[in-house]
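Asks: One structure follows; several queries about it will come next.
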Amino acid sequence: MARHVLDHPELVRGRRVLDFASGSGLVAIAAARAGAARVEACDLDPFARAALDLNAALNGVEISWRAGDLIGAPLPEVEVLLAGDVFYERALSETALRWMSALAARGVLVLAGDPGRLYTPRSGLRERASYAVPASPEIEAASLLEATVYEVLPPPA
Numbered sequence: 000m001a002r003h004v005l006d007h008p009e010l011v012r013g014r015r016v017l018d019f020a021s022g023s024g025l026v027a028i029a030a031a032r033a034g035a036a037r038v039e040a041c042d043l044d045p046f047a048r049a050a051l052d053l054n055a056a057l058n059g060v061e062i063s064w065r066a067g068d069l070i071g072a073p074l075p076e077v078e079v080l081l082a083g084d085v086f087y088e089r090a091l092s093e094t095a096l097r098w099m100s101a102l103a104a105r106g107v108l109v110l111a112g113d114p115g116r117l118y119t120p121r122s123g124l125r126e127r128a129s130y131a132v133p134a135s136p137e138i139e140a141a142s143l144l145e146a147t148v149y150e151v152l153p154p155p156a
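For the sequence shown, counting from 1, position 141 maps to 140 in numbering that gives the first Met the number 0; every step adds exactly one.
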């Protein structure tokens, strides 16, 4: 997802961006470096904020933080939602897709990055790009993963 944002800065340039499930902040940092007007990051992991703060400082960018589960919660005004690797559990995949589809219906550009997880939805997504991404064999089944960036579509009318 970060590579896609850096390769296509027009997706975020001058826009308000939320990096959902931000982890260490890699995608949020890419959005800030690509010229987003404002970047906010969120994650459930309590250690993610510390990692984000350190990484943002090292990269000379400013990123604000929202804690907690944002699925279904009122969001700040965002124009782009970037979600990396959220399809790894069935329940989360279904819930996240419904929420992200509703945001897309409101005009938010929603992009989801996925490294080939089992519960990636088979509908409601449009492929935008695909990348070969190095992975840790201690965590993943392979040392190279095919990661796809999808646009989340609004629900069918």
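Just so it is clear, CB atoms sit at the ideal spot from N, CA and C, and this is done for glycine as well. Treat the numbers as computed from the prediction; the structure is a model and nothing was measured.
Helix, strand or coil, according to DSSP, for Asp113 in the structure here?
Replies: Position 114 of the sequence shown holds residue 113. Strand at Asp113.
Asks: Does DSSP put Ser92 in a helix, in a strand, or in coil?
Replies: Mapped onto the sequence shown, residue 92 falls at position 93. Here Ser92 sits in helix by DSSP.
Asks: Would you call the CB atoms of Val132 and Leu117 closer than 8 Å?
Replies: If you number the sequence shown from 1, residue 132 lands on position 133. If you number the sequence shown from 1, residue 117 lands on position 118. Going by C-beta atoms, Val132 is not nearer than 8 Å to Leu117.
Asks: Quick one: residues in its chain with C-beta nearer than 8 Å to the C-beta of Ala55, no 5 flanking neighbours on either side, listed in chain order?
Replies: Counting from one through the sequence shown, the residue named residue 55 turns up at place 56. Hits under 8 Å: Gly24, Ala27, Ile28, Ala31, Glu61, Ile62.
Asks: Rank Asn58, Pro45, His7 by C-alpha distance to the C-alpha of Ala66 and give the top, closest one.
Replies: Position 67 of the sequence shown, counted from the first residue, corresponds to residue 66. Of the candidates Asn58, Pro45, His7, the one whose C-alpha sits nearest the C-alpha of Ala66 is Pro45.
Asks: Between which two residues does the beta strand (DSSP E) holding Leu124 run?
Replies: As a first step, residue 124 is located in the sequence shown; it is residue number 125 there, counting from the start. Counting along the chain, the beta strand (DSSP E) containing Leu124 begins and ends at 124-133.
Asks: Starting from Asp84, trace the beta strand (DSSP E) both ways and give me its first and last residue.
Replies: By 1-based counting over the sequence shown, the position of residue 84 is 85. Looking at the DSSP string, Asp84 is not in any beta strand (DSSP E), and its letter there is neither H nor E.
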